[in-house]
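S.K.:
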Amino acid sequence: MKLISLAGPVQATLAERFRNGDPDVCALFGFHPSREEDWWRRAAFLDDTAARRADRKRLAAAIRAGYARLAAGPAAEAALRKLERPDSLVVVGGQQAGLFGGPLLVLYKALAVVRTAARAERLLNRPVVPVFWIAGEDHDFAEANETHVLAPDGEVRKIRLEGIAAGRHAVSRTPVPEAAWNEAIERLARALPDSTHKPELLRGLRETVADAPTLTVAFARLLARWFGDEGLLLMDADDPGVRRVEGPFFRELIERNEELSVALAAGEARVRALGFEPQVDVTPDGANLFVHHELGRLLLYRRDGRFTDRRGLFRADREDLVRLAEDEPERLSNGVLSRPLMQEYVLPVLATVLGPAEIAYWGLLGPAFERFGMAMPVIVPRPSFTFLDPQTASLLERYSLAPEEAIWHWEERRNAWLAGLGAWRWEERFRRVREGVAALYDPLLEALVAEEPGLRDLGRTNRERILGEIDYLERKAKALFLSRHDAALRQWDRIRAALQPLGRPQERVLGPVHYLNGLGPSWLRAWLDTDIDADGGHRLAWYEQTVREACRLECKA
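Heads up: the sequence shown is residues 652 to 1208, going by this note's numbering.
1. Kindly list the residues whose CB is nearer than 8 Å to the CB of V764, restricted to its own chain and excluding five residues on each side of it in sequence; keep chain order.
2. Please classify D887: is it buried, with 16 or more other beta-carbons within 10 angstroms of its beta-carbon, or exposed?
3. Using the rule of at least 16 other Cβ atoms within 10 Å of the residue's Cβ for burial, across every protein chain shown, is I655 buried or exposed?
4. Let me know the secondary structure DSSP gives L1109 once reduced to three states.
5. Who pairs with N1168 in a beta bridge, going by DSSP?
6. Take F792 and list the residues in its own chain whose beta-carbon comes closer than 7 Å to its own, dropping the five residues that flank it on each side.
7. Closer than 6 Å by C-beta to L1204: which residues in its own chain qualify, once you throw out the five before and the five after it? Chain order, please.
8. Output the distance between the C-alpha atoms of V800 and I1146, rounded to the nearest integer angstrom.
9. Throw me the rounded Cβ distance for the F669 and F680 pair, which I believe falls under 8 Å.
10. Determine the extent of the alpha helix (DSSP H) in which R808 is found, giving its start and end residues.
11. Which stretch, first to last residue, makes up the beta strand (DSSP E) that contains T859?
12. Where R777 and E806 are concerned, what is the direct C-alpha to C-alpha distance, given to the nearest angstrom?
13. Kindly indicate which residue of A726, A938, H944, E1048 has the alpha-carbon position closest to the one of R957.
14. So what does DSSP say about V661, is it helix, strand or coil?
15. Hey, could you find the ends of the beta strand (DSSP E) Q746 is sitting in?
16. So I714 is in the alpha helix (DSSP H); what residue range does that whole segment cover?
17. Identify whether S823 lies in helix, strand or coil by the three-state DSSP scheme.
18. Counting C-beta neighbours from all protein chains within 10 Å, is the total for T1112 16 or more, i.e. buried, or is it exposed?
19. Below 8 Å on the Cβ atoms is my contact criterion, and I expect A976 with F901 to pass it. Report the Cβ-Cβ distance as a whole number of Å.
20. When you compare only the Cα positions, how much space is there between S739 and F696?
21. Beta-carbon within less than 8 Å of V779's beta-carbon, same chain only, minus the 5 sequence neighbours each way: which residues are those?
22. Starting from T1003, follow the beta strand (DSSP E) in both directions and report where the run begins and ends.
23. Going by C-alpha distance, which of L885, I1117, E834 is nearest E728?
24. Going by the CB atoms, is the gap between L839 and V827 shorter than 8 Å?
25. Can you tell me which of W1061, E1079, G1105 puts its alpha carbon nearest to the alpha carbon of R1155?
26. Is it right to say Q662 is buried, meaning 16 or more other beta carbons lie within 10 angstroms of its own, or is it exposed?
27. On the CB-based measure, 16 or more other CB atoms within 10 Å of its CB, does T1197 come out buried or exposed?
28. On the CB-based measure, 16 or more other CB atoms within 10 Å of its CB, does A711 come out buried or exposed?
29. For the beta strand (DSSP E) that contains F1023, what are its first and last residues?
30. Count the other CB atoms, across all protein chains shown, that sit within 10 Å of the CB of Y1166; report buried if there are 16 or more and exposed otherwise.
31. Count the other CB atoms within 10 Å of the CB of G926; is the residue buried (16 or more) or exposed (fewer)?
32. To the nearest angstrom, report how far apart V1164 and L998 are at their CA atoms.
33. Which residues share a DSSP beta bridge with G947?
34. Would you kindly work out how many angstroms separate the C-alpha atoms of L853 and L1170, rounded to a whole number?
35. In the DSSP assignment, find the unbroken beta strand (DSSP E) run with M886 in it and report its ends.
36. With which residues is S656 paired in a DSSP beta bridge?
Below is the structure:
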């Protein structure tokens, strides 16, 4: 895969300032990936505090048990044995599950985790395991339940599982019937363009859902297929075995819950002092914990000395909640601001790969890490990519468009192209005609109304009708012009849909399945063979072999 940096609109976000090494923002985090000594310092801290974390053999056994559902290969077992070693560290990245692999950013984050771990292993000369933390405990099933592809007509199609009544239950606890999986794959098959790779892609997807798994398990199976040989370990945050490993720290979070709130408020103040609005609301009475209830995953608050949700469906005093952490930790769940602390307890986290929104809310967590005797890992900004497929590359060349222009200034360039064709050369003349009619008509109407006031409404209606007919003629003239250039305009729309689908970044909409369908497994192999810097940033990616292949097929057609 070939990569070049893309200079997009200037952003002054917290994440971007951290990426660029702003000292005030970096102070919120401690370590920075660009400083080699910080990797050594972080590793030394983990060695010094190893006794405070969970038993890694118990954790490895829990993850190994979860792999029974994934049909993982020998690389996963090798990674688990590496995790069991007392000198090993991990690089971790997490994401909610996504239907058929979700959007491209999931693949990019997993790739960054793998590449960062390999780089750190070489630097520190000690084992570093890449771990993908699947947020199966999250209850936003609608967000997880979608993937998008670009259909043959150039329209973006959303594929989802239909008829799933998830309520507010965790994604990992929401059953998906076999019929729903089969219908979703059929809809995907209809939406995807025909290709030589399509039958094999669909066969593989059917294998991942053959026993009607949850969305989380199906997602993990795909990641295992794509990254299994890279040694990427997959861990579901809602796995009961993992929950039992987490039990002692759940107890600490409950017993010291007020301290956590105080620390988060201090972190919020630090972020506000730098001029940023916090990415996540910090509520004084928020417990930053959930409980799994028969009616769904309930967010807990401290009220009158007890822990309860907003509607009072669940109530427990501190001692009862502590017993729950000890006896049934699988009934508890982390909030977005307590999950990083739990991650620090469970894993020897050398570094974590975070997207911009994640970096923004991690900026609140410095005092919380300190309060619990922890330190933040090295924060590695997730790389961002726009992939340039062969067809789009050809269209950019046809219309003399730079990728940056097509991504961020598409409408402006499209209008300039139309203007160059003389699209609106009649616009000024129509404007002058409207002004001329009004200049002649208005004095006439004023004089008539002075003589016959009852003609006022009729005169105004007649005026609007005349001007409306002129507008109609102009619209018809434009429509006829555009119809003569319909094929070219559809190509402009194809450029937009490929690079900024639905007006959003490509990596947040289109899924890997779209490109695996069009370009095949070699597209994924090209990504896996690509080294990625640990500095984030936005890059244009293209795959030279696919450009040559597309040209060959185009010539044959």
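Quick reminder that beta carbons are idealized off the backbone N, C-alpha and C, glycines included. All of these numbers come straight from a predicted model, not from anything done at the bench.
M.R.: Once the coordinates are examined:
1. So the qualifying residues of the chain are V742, V743, G744, P781, V782, F783, L883, V1004.
2. If you draw a 10 Å sphere on the C-beta of D887, you find 16 or more other C-beta atoms in it, and that means buried.
3. So I655 counts as exposed.
4. The three-state secondary structure of L1109, taken from DSSP, is helix.
5. DSSP lists no partner for N1168.
6. These residues qualify, in order along the chain: I815, A817, V822, T825.
7. With a pLDDT of only 38 at L1204, under the threshold of 50, the placement of this residue in the model should not be trusted; the figure read from the coordinates follows. No residues qualify anywhere along the chain.
8. Near 14 Å, if we compare the C-alpha coordinates of I1146 and V800.
9. Here F669 really is in contact with F680; their C-beta atoms are around 7 Å apart, less than 8 Å.
10. DSSP places R808 outside any alpha helix (DSSP H); the residue lies instead in the beta strand (DSSP E), whose first and last residues are 807 to 810.
11. It is not in any beta strand (DSSP E) - T859 instead sits in the alpha helix (DSSP H) that spans 849 to 859.
12. Cα-Cα distance, rounded: 48 Å.
13. For R957, the nearest C-alpha among the options comes from A938.
14. Looking at V661 - three-state DSSP - the assignment turns out to be coil, as it is neither helix nor strand.
15. Annotation for Q746: the continuous beta strand (DSSP E) segment containing it runs 740 to 746.
16. Looking at the DSSP string, the run of the alpha helix (DSSP H) that includes I714 is 707 to 717.
17. In the three-state DSSP reduction, S823 falls in the helix class (H, G or I).
18. Counting C-beta atoms within 10 angstroms of its own C-beta, T1112 has fewer than 16 neighbours from the protein chains shown and is therefore classed as exposed.
19. Sure, about 4 Å apart at Cβ, within 8 Å.
20. Going from the Cα of S739 to the Cα of F696 covers about 13 Å.
21. Leaving aside the five residues that flank V779 on each side, the residues in its chain whose CB is nearer than 8 Å to its CB run, in chain order, S739, L740, V741, V742, A768, A769, A771, E772, L1001.
22. 1000 to 1005 is the extent of the beta strand (DSSP E) around T1003.
23. From the listed residues L885, I1117, E834, the smallest Cα separation to E728 is found for L885.
24. Going by C-beta atoms, V827 is not nearer than 8 Å to L839.
25. With distances taken between Cα atoms, R1155 lies closest to W1061.
26. Answer is exposed; the Cβ neighbour count stays below 16.
27. At T1197 the pLDDT is 49, less than 50, meaning the model places this residue with poor confidence and gives no usable figure here.
28. Counting Cβ neighbours within 10 Å, A711 comes out buried, since at least 16 surround it.
29. Following the DSSP letters along the chain, one finds F1023 in no beta strand (DSSP E), marked with neither H nor E.
30. Here Y1166 is buried, its C-beta having at least 16 other C-beta atoms within 10 Å.
31. Around the beta carbon of G926, fewer than 16 other beta carbons lie within 10 angstroms, which makes this residue exposed.
32. Cα to Cα, the separation comes out at about 31 Å.
33. According to DSSP, which records beta bridges pairwise, G947 is partnered with H944.
34. Rounded to the nearest whole angstrom, the C-alpha separation of L853 and L1170 is 14 Å.
35. Per DSSP, M886 belongs to the beta strand (DSSP E) from 884 to 887.
36. Note: S656 sits in a beta bridge opposite R1190.
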